[in-house]
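In the numbering used here, the protein residues as written are -14 to 277.
Here a beta-carbon is modelled for each residue, glycine too, at the ideal position from N, C-alpha and C.
Quantities reported herein were computed from a predicted structural model and do not represent experimental measurements.
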């Protein structure tokens, strides 16, 4: 049985930990509100762009644009953009993304030339230890997340794909649903699957009048849509991270409270046993003196 000092030390330690988890929960809740507002405002815009891309895909008739849509039968070079967080203490948020990325490689790209673009410190730390080729230029984007950052990543991926460095590009990340729910997502990025894009917009195919020309407009529009898709994935992941951390810290606070209750009961039990022992010793000593 532990002595009173040991129990008091444990109670003080858990009290301190509980204060930290409460503070982290409040911080995450504040960050979540901002991140949630950003992704909620972005989604209608991104969805409309994807629907527009689906409608315009039939207008693509030049090689410079067809490269975005041409799917190779024999895929050999693959790029996986794996988006995690920079910090831990958010439950299985990062572990689930890394697990899905590994499962994707195992199921679809076993024996292929796979390159990883880790975004977020946790993905960088994990894949940096493995034998995959990694692109680490954007591992710290969450330090200053902005549309410019997302567009910069998109520009890099688009140039590499058009140059023939990759046959297929996929994004693995957590899609934000609400504070308690993140949806693991493996999203096709390049080449563009027009059927997938069509699901984001219920409108039927529309005819457009182009000015100055369809080619000029599409050459500007298609890269912008793809870069927006990257930025939306980053916003989704950011909001999901803060939601996961808030829930994780809330559970940690509750668990600390339960542990404190058990320790206080243990403390009272030990204290009572110590008092009983002292009383017994005093009674025994008094009895011995009276007998003498």
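query                                                                                                                        : result
As assigned by DSSP and simplified to three states, the class of residue 103                                                 : strand
Cβ pair count under 8 Å reaching 3, the stretch 252 to 265 against the stretch 55 to 66                                      : no
Near the ligand FAD: residue 118 beta-carbon under 7 Å from a heavy atom                                                     : Absence of the ligand FAD is noted for the structure shown, with no ligands found whatsoever.
CB of residue 65 within 8 Å of CB of residue 157, strictly                                                                   : yes
Alpha helix (DSSP H) segment containing residue 85, residue limits                                                           : 78 to 93
Residues of its chain near residue 177, where Cβ-Cβ distance is below 6 Å and the 5 sequence neighbours each way are ignored : 53 and 54
In DSSP terms, what residue 158 is bridged to                                                                                : 170
Option nearest residue -7 by Cα separation, candidates 248, 139, 162 and 270                                                 : 248
Simplified DSSP assignment, three categories, for residue 60                                                                 : coil
Beta-carbon spacing of residue 233, residue 74 below 8 Å                                                                     : yes
8 Å Cβ cutoff met for residue 288 and residue 155                                                                            : Residue coverage of the chain in this structure runs from -14 to 277, which leaves residue 288 outside it and unanswerable.
Contact set for residue 68: own chain, Cβ-Cβ below 8 Å, skip 5 residues either direction                                     : 82, 104, 105, 108, 156, 157, 158, 159, 218, 219 and 222
Segment contact flag, the stretch 26 to 36 with the stretch 119 to 128, C-beta cutoff 8 Å, min 3 pairs                       : no
Beta-carbon proximity check, residue 226 vs residue 112, cutoff 8 Å                                                          : no
Residue 8 classed as buried or exposed, judged by whether at least 16 other C-beta atoms fall within 10 angstroms            : exposed
Option in 12, 21 and 4 with minimal Cα separation from residue 161                                                           : 21
Contacting residues, own chain, Cβ-Cβ under 7 Å from residue 15 (five flanking each side not counted)                        : none
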